[in-house]
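A.B. asks: Our numbering puts the first residue of the sequence shown at 1056, with every later residue one more than the last.
All C-beta atoms, glycine included, are put in the ideal place defined by N, C-alpha and C.
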Amino acid sequence: YLHYLVRSVTPGTYLWPPAQAHINYAPEEFGRSASSTLVISD
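(1) Whose C-beta lies closer than 7 Å to the C-beta of S1090 among residues of the same chain, with five residues either side of it excluded?
(2) What separation, rounded to the nearest whole angstrom, lies between the Cα atoms of Y1056 and D1097?
(3) By Cβ distance below 6 Å, which residues in the same chain neighbour F1085 in space, the five residues on each side in sequence not counted?
(4) Just the Cα atoms here: how many angstroms apart are T1098 and R1087?
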């Protein structure tokens, strides 16, 4: 898992793009997450 702390400063609706992971020496092994929408409100 990868975790990080963020601080929202601008309200709005944003597209959270999907993450992708690949293994260098095994191109048939890969993973993708779903995209999402992030809403920041006052």
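C.D. replies: A quick look at the data gives this:
(1) Walking along the sequence shown from the start, residue 1090 turns up at place 35. Cβ within range, chain order: L1070, W1071, P1072, P1073.
(2) Here residue 1056 refers to the residue found at position 1 when the sequence shown is read from its first residue. Here residue 1097 refers to the residue found at position 42 when the sequence shown is read from its first residue. The straight-line gap from Cα to Cα measures roughly 29 Å.
(3) Residue mapping note: residue 1085 aligns to position 30 of the sequence shown, counting from 1. Excluding sequence neighbours, F1085 sits near H1077.
(4) The requested residue 1098 does not occur in the structure, where the chain is confined to residues 1056 to 1097.
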